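Residue numbers (my numbering): 25 to 163.
Have a look at the structure below before the remarks.
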Amino acid sequence: MQVIECSEAQLDILAGLFNDYRIFYEYEDDLPACRHFLEENLRLRRSSMFLLIDDAGNALAFAQCYPATCSLSMRPYQYLSDLYVIHTARQQGHGRKLMQYLRDHFSARGAQRITLDTATTNVTAQRLYEALGYEREQV
């Protein structure tokens with residue numbers, strides 16, 4: 025199992041996973057638009073994208089993070105916008121593995137934290153994030 029930071033070489037795999045992710049959140053199937061959106065993010069370096077790959081080379085999960093800066097601490101942080109584990113690989117620790125990689129990866133690059141949010145209906149993701157020490161905003 026390994027996590028790779030993506031380039032345009034992984035664009036087709038990313039686009040398929042991102043399309044499935046959007047369908048999970050009840051958006052319409054639109055693979056060409058997903059591909060274009062991710063391609064622009066990569067080309068313009070707006071975000072960083074990561075794939076969790078199994079030993080056979082299959083993509084099990086992806087994440088997309090956007091850089092930001094906290095004015096008060098005057099330090100960079102990352103906003104985890106998207107995290108998706110394919111249906112057949114859920115409940116096997118893959119989301120946790122990807123999150124731990126992101127924490128270590130961005131911490132080593134000086135990020136103060138990773139900020140995220142998820143749908144109030146996505147209880148599985150909420151449990152994972154809380155188990156990893158994330159706290160729900162009360163405001």
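Glycine included, every Cβ here is placed at the ideal spot set by N, Cα and C.
Since the structure is predicted, the reported quantities are computational estimates derived from the model, not experimental observations.
Test item: CB-CB of residue i and residue j under 7 Å
i, j, result
"residue 102", "residue 130", "yes"
"residue 122", "residue 83", "no"
"residue 54", "residue 47", "no"
"residue 107", "residue 138", "no"
"residue 26", "residue 110", "no"
"residue 68", "residue 42", "no"
Rounded C-alpha distance that separates residue i from residue j
i, j, result
"residue 155", "residue 161", "15 Å"
"residue 120", "residue 144", "19 Å"
"residue 66", "residue 128", "21 Å"
"residue 64", "residue 115", "32 Å"
"residue 159", "residue 37", "32 Å"
Own chain partners of residue i with C-beta closer than 6 Å, once the 5 adjacent residues on each side are dropped
i, result
"residue 98", "none"
"residue 59", "39"
"residue 96", "none"
Contacting residues, own chain, Cβ-Cβ under 8 Å from residue i (five flanking each side not counted)
i, result
"residue 142", "149, 150 and 153"
"residue 134", "99 and 100"
"residue 35", "59, 62, 63 and 66"
Inter-residue CB distance, residue i and residue j (contact presumed, cutoff 8 Å)
i, j, result
"residue 87", "residue 126", "6 Å"
"residue 136", "residue 94", "6 Å"
Same chain only: Cβ atoms within 7 Å of residue i, ignoring 5 sequence neighbours per side
i, result
"residue 29", "72 and 74"
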